[in-house]
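A.B. asks: Following the numbering used here, the numbering of the sequence shown begins with 5 at its first residue and continues without gaps.
Think of the CB as a built atom: it goes at the ideal place given N, C-alpha and C, for glycine as much as any other residue.
Bear in mind that the values here come from a model prediction, so they are computed numbers and not experimental data.
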Amino acid sequence: MSSHQATIPAPRREQGSGGASAGWKVVVLLLGIAVGVLAIAAVAAVQAADEARDEAGSAEAASPATAVHDHSATASATASQSLPLQSFAGATGANADALAKAHVAYDATLPAVPAGDLVKIHMTLKDMVVEIAPGVKYNTWAFDGHGAPGPILHVRQGQTVQMTLTNGGTIPHSIDFHAARIAPNHAFTDVPPGKSFTFRFQANDPGVFMYHCGTKPVLAHIANGMYGALVVDPATPLPHADKEYVLVASEWYLNGDGVSTPASLDMSKARAMMPDWTTFNGYANQYVTHPLTAKPGQTVRLYVVAAGPTLDTNFHVVGTIFDRAWVNGDMTHHQSGVQTVGVPAGGGAVFDVKIDDEGLYPFVSHAFAHVDLGQVGLLRVGNPKGTMTH
Ligand SMILES: [Cu+2]
């Protein structure tokens, strides 16, 4: 993987002889001119980035032909300047609406619990290009060959999970289950390309848990799509729910707009926590175009994981209040009448809403930069007329 080096060692000053002083003056003069030119370029780049963000704010951003900002190359020219990072927020393919409609939304439906005491899971990792927003392609490392997040897993408290990871990629990877109490140095070990590794753990703690690749640098592996959700049902069943959906929140950091050629990870932006897109289940706004559904009066259970790699999700459903919120995935008790719940990066929570009135109910991260970047969807209750206007 490509990792941009953020810190550059300061230039070394050589201990020259006195006869070289005239030469040093010329060098110092040239350096002074170079710093001045770089400062002007930096100001221009900041202005350009601001303009790009303004443009991105308009819904119909056509494919902007913006060049990839090579931070590592530019950074090597100067030791102490912090350089502007270029945002590709909102930059989609030209026919964004048609592309969004054509996109097959990630199926958020919670799958059934497999029968038996032992649940065998086999994932084959693949390097693959996926779409993360209309017309925006990204080079992911995909846990199970279908993009990010990886498959939704569902077991019951007390079942044993047997996990086999086959590495079909080009660098080592691993899998870390937050639901497991197990020595990470044995279970979450790196699997070399072409190899498989199997381990078992008993899912004794109910809740909704993140799983992810734990290979260093973890920031890069999660940012490249290596994450997913595991739901562990309590042995004593929860109150009945009519619909159960799983939402994995995450953010993407792009080194290009991804429109003409697939983007890859920009580590500088990942470190700076400056995402281009934030999503539920890997694709910006997909449940706005393809809403989750329920009938009036039904109880909808939402399992939410914030995969990050870094940012939290402030989960909220517009137009209703959580009837039950199992905060932090603590299934021993729930809160009631809660409006917004913070789901920390690497954490999860479970929410019940019962909505009686037909309508379109947006679910969001109420940290609204996330909505602007794509972490929003709709719960369509009944068959309301019209569309969401805000
Ligand atoms: Cu990995």
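Could you please give me the residues that DSSP links to Ala146 through a beta bridge?
C.D. replies: Residue 146 sits at position 142 when you count from the first residue of the sequence shown. Paired residue(s): Lys130.
A.B. asks: Here's the rule: buried if 16 or more other CB atoms are within 10 angstroms of the residue's CB, otherwise exposed. What is Asp261?
C.D. replies: Taking the first residue of the sequence shown as 1, we reach residue 261 at position 257. Buried, by the Cβ-count rule.
A.B. asks: Please list, in chain order, all residues of the same chain as Ala191 whose beta carbon is under 6 Å from its beta carbon, the five residues on each side excluded.
C.D. replies: As a working mapping, residue 191 is identified with position 187 in the sequence shown. The answer, listed in chain order, is Phe203.
A.B. asks: What does the shell around ligand 1 hold, if a residue joins when its beta-carbon is under 5 Å from any heavy atom?
C.D. replies: Counting every residue whose Cβ lies closer than 5 Å to a heavy atom of ligand 1, we get His177, Cys217, Thr219, His225, Met230.
A.B. asks: Would Asn285 and Tyr110 be called neighbours here (beta carbons separated by less than 8 Å)?
C.D. replies: As a position in the sequence shown, residue 285 is number 281, starting the count at 1. As a position in the sequence shown, residue 110 is number 106, starting the count at 1. Taking 8 Å as the Cβ cut-off, Asn285 and Tyr110 qualify as a contacting pair.
A.B. asks: With a threshold of 6 Å on Cβ separation, who are the neighbours of Ala227 within its own chain once the five nearest residues in sequence on each side are excluded?
C.D. replies: Locating residue 227 in the sequence shown gives position 223, where the first residue counts as 1. For Ala227, where only same-chain residues beyond five positions count, the Cβ hits under 6 Å are Tyr257, Leu269, Ala274, Pro313.
A.B. asks: Report yes if the CB atom of Val212 is closer than 8 Å to the CB atom of Gly232, and no otherwise.
C.D. replies: Within the sequence shown, numbered from 1, the residue matching residue 212 stands at position 208. Within the sequence shown, numbered from 1, the residue matching residue 232 stands at position 228. Taking 8 Å as the Cβ cut-off, Val212 and Gly232 do not qualify as a contacting pair.
A.B. asks: Quick one: grab the DSSP three-state call for Ala227.
C.D. replies: Numbered from its first residue, the sequence shown carries residue 227 at position 223. If DSSP states are grouped into helix, strand and coil, Ala227 belongs with the helices.
A.B. asks: Please report how far the alpha carbon of Val140 lies from the alpha carbon of Ala329, in whole angstroms.
C.D. replies: Position 136 of the sequence shown, counting from 1, holds the residue named residue 140. Position 325 of the sequence shown, counting from 1, holds the residue named residue 329. Whole-angstrom Cα-Cα distance: 34 Å.
A.B. asks: Go through its chain and collect everything with a Cβ distance to Thr128's Cβ below 7 Å, but skip five positions before and after it.
C.D. replies: Here residue 128 refers to the residue found at position 124 when the sequence shown is read from its first residue. If we look at Thr128 and ignore the five residues flanking it on each side, its Cβ neighbours are Asp148, Gly149, Thr170, Gly172.
A.B. asks: CA-CA distance, Ala298 and Leu114?
C.D. replies: The residue labelled residue 298 in the question sits at position 294 within the sequence shown. The residue labelled residue 114 in the question sits at position 110 within the sequence shown. Each residue's alpha carbon lies about 14 Å from the other.
A.B. asks: So, with DSSP's three-state summary, where would you put Asn285?
C.D. replies: Taking the sequence shown and counting its residues from 1, one reaches residue 285 at position 281. Coil, per DSSP.
A.B. asks: Between the Cα of Ser264 and those of Asp131, Phe92, Gly97, Val385, spot the shortest distance and give me the residue it belongs to.
C.D. replies: For the purposes of this step, residue 264 is taken as the residue at position 260 of the sequence shown. Ser264 has its Cα closest to that of Gly97, out of Asp131, Phe92, Gly97, Val385.
A.B. asks: Any idea what DSSP makes of Val304, helix, strand or coil?
C.D. replies: By 1-based counting over the sequence shown, the position of residue 304 is 300. Strand.
A.B. asks: From the DSSP output, in three-state form, read off Ser268 for me.
C.D. replies: As a position in the sequence shown, residue 268 is number 264, starting the count at 1. Of the three classes helix, strand and coil, the one that applies to Ser268 here is coil, per DSSP.
A.B. asks: Can you have a look at Asp101 and say buried or exposed, based on whether 16 or more other CB atoms are within 10 angstroms of its CB?
C.D. replies: The residue given as residue 101 occupies position 97 in the sequence shown. Exposed.
A.B. asks: Looking at Val117: is its Cβ nearer than 8 Å to the Cβ of Val159?
C.D. replies: Position 113 of the sequence shown, counted from the start, is the residue given in the question as residue 117. Position 155 of the sequence shown, counted from the start, is the residue given in the question as residue 159. Contact: yes.
A.B. asks: What is the DSSP secondary structure of Pro366, reduced to helix, strand or coil?
C.D. replies: As a working mapping, residue 366 is identified with position 362 in the sequence shown. Here Pro366 sits in strand by DSSP.
A.B. asks: Can you name the residues that DSSP bridges to Asp237?
C.D. replies: Numbered from its first residue, the sequence shown carries residue 237 at position 233. Its beta-bridge partners are Arg160.
A.B. asks: When you compare only the Cα positions, how much space is there between His244 and Gly151?
C.D. replies: Mapped onto the sequence shown, residue 244 falls at position 240. Mapped onto the sequence shown, residue 151 falls at position 147. For His244 and Gly151, the distance between alpha carbons rounds to 31 Å.
A.B. asks: Cα-Cα, which of Tyr249, Thr283, Glu255, Val133 is closest to Ala353?
C.D. replies: What you label residue 353 is simply residue 349 of the sequence shown in a count that begins at 1. The option with the nearest alpha carbon to Ala353 is Tyr249.
A.B. asks: In the DSSP output, which residue or residues are listed as bridge partners for Ile136?
C.D. replies: Taking the first residue of the sequence shown as position 1, residue 136 is located at position 132. None; Ile136 has no bridge partner.
A.B. asks: From this set, Pro300, Gly351, Ala371, Ala119, which residue's C-alpha is nearest Leu383's C-alpha?
C.D. replies: On the sequence shown, residue 383 is found 379 positions in, with the first residue counted as 1. Among Pro300, Gly351, Ala371, Ala119, the Cα nearest to that of Leu383 belongs to Pro300.
A.B. asks: Just how far apart, CA to CA, sit Leu317 and Ser200?
C.D. replies: If you number the sequence shown from 1, residue 317 lands on position 313. If you number the sequence shown from 1, residue 200 lands on position 196. The sequence given here has Thr at residue 317, not Leu. Cα to Cα, the separation comes out at about 33 Å.
A.B. asks: Is the beta carbon of Phe355 sitting closer than 8 Å to the one on Leu296?
C.D. replies: By 1-based counting over the sequence shown, the position of residue 355 is 351. By 1-based counting over the sequence shown, the position of residue 296 is 292. Against a cut-off of 8 Å, the Cβ pair of Leu296 and Phe355 comes out as no contact.
A.B. asks: If Met214 sits next to Gly350, beta carbons under 8 Å apart, how far is it from one beta carbon to the other, in whole angstroms?
C.D. replies: For the purposes of this step, residue 214 is identified with residue 210 of the sequence shown, where counting begins at 1. For the purposes of this step, residue 350 is identified with residue 346 of the sequence shown, where counting begins at 1. Confirmed, Cβ separation roughly 6 Å.
A.B. asks: Looking at the structure shown, is Val90 part of a helix, part of a strand, or coil, going by DSSP?
C.D. replies: By one-based count along the sequence shown, residue 90 stands at place 86. Here residue 90 turns out to be Gln, not Val, going by the sequence shown. Coil at Gln90, not helix or strand.
A.B. asks: To the nearest angstrom, how far is the alpha carbon of Asp131 from that of Ala267?
C.D. replies: In the sequence shown, the residue the question calls residue 131 occupies position 127. In the sequence shown, the residue the question calls residue 267 occupies position 263. Going by the C-alpha atoms only, they are around 13 Å apart.
A.B. asks: Taking the alpha helix (DSSP H) that Val375 falls in, what are its first and last residues?
C.D. replies: Here residue 375 refers to the residue found at position 371 when the sequence shown is read from its first residue. Its alpha helix (DSSP H) spans residues 373-376.
A.B. asks: Following the continuous beta strand (DSSP E) through Ala119, name the residue where it begins and the one where it ends.
C.D. replies: Stepping through the sequence shown from its first residue, residue 119 is reached at position 115. Unbroken run through Ala119: none, as it is neither H nor E.
A.B. asks: Counting C-beta neighbours from all protein chains within 10 Å, is the total for Asn387 16 or more, i.e. buried, or is it exposed?
C.D. replies: Within the sequence shown, residue 387 is the residue found at index 383, counting from 1. Exposed, by the Cβ-count rule.
A.B. asks: Given a cut-off of 8 Å, decide if Val345 and Glu362 are closer than it, judged by their beta-carbon atoms.
C.D. replies: Position 358 of the sequence shown, counted from the first residue, corresponds to residue 362. Position 341 of the sequence shown, counted from the first residue, corresponds to residue 345. The answer is no: Cβ separation not under 8 Å.
A.B. asks: Quick one: residues in its chain with C-beta nearer than 7 Å to the C-beta of Val399, no 5 flanking neighbours on either side, listed in chain order?
C.D. replies: Any question about residue 399 goes unanswered here, given that the chain covers just 5 to 394.
A.B. asks: Do you know whose CA, among Ala183, Tyr142, Ala104, Asp194, lies nearest Asp334's CA?
C.D. replies: As a first step, residue 334 must be located in the sequence shown, where it is residue number 330. Selected option, being the one with the closest Cα: Ala183.
A.B. asks: Could you check where the beta strand (DSSP E) with Leu296 kicks off and where it finishes?
C.D. replies: As a first step, residue 296 is located in the sequence shown; it is residue number 292 there, counting from the start. That run of the beta strand (DSSP E) goes 296-298.
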